[in-house]
Amino acid sequence: MPKYHHHVTRTVLRQHGAILIESLIALAILSLGAAAMFRAFDNLRALSHAANQLGVDTRAQLGRTEAR
Numbered sequence: 007m008p009k010y011h012h013h014v015t016r017t018v019l020r021q022h023g024a025i026l027i028e029s030l031i032a033l034a035i036l037s038l039g040a041a042a043m044f045r046a047f048d049n050l051r052a053l054s055h056a057a058n059q060l061g062v063d064t065r066a067q068l069g070r071t072e073a074r
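If you're matching positions, the sequence shown starts at 7 in my numbering and goes up one per residue.
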């Protein structure tokens with residue numbers, strides 16, 4: 007059987023390189039988006055906790071005001 011040598015042209019190599027770079031950029035953007043989402047969730051949790059604590063403090067203050 008004849009052996010075939012697979013010759014890859016420079017254009018094809020450049021195209022593969024461009025696809026690889028585009029994929030890495032897309033992955034980096036997705037990673038940044040995920041990091042921002044997790045940070046937003048942390049901020050939302052902190053805000054929820056603060057709002058809950060404010061509600062508890064307000065109810066306690068109202069209770070003390072009504073007891074007077």
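In this text, a Cβ means the ideal position worked out from N, Cα and C, and glycines have one as well.
Determine the direct distance from the alpha carbon of Val62 to that of Ala52, and round the result to whole angstroms.
15 Å
According to DSSP, is Arg65 helix, strand or coil?
helix
Quick one: residues in its chain with C-beta nearer than 8 Å to the C-beta of Thr17, no 5 flanking neighbours on either side, listed in chain order?
If we look at Thr17 and ignore the five residues flanking it on each side, it has no Cβ neighbours.
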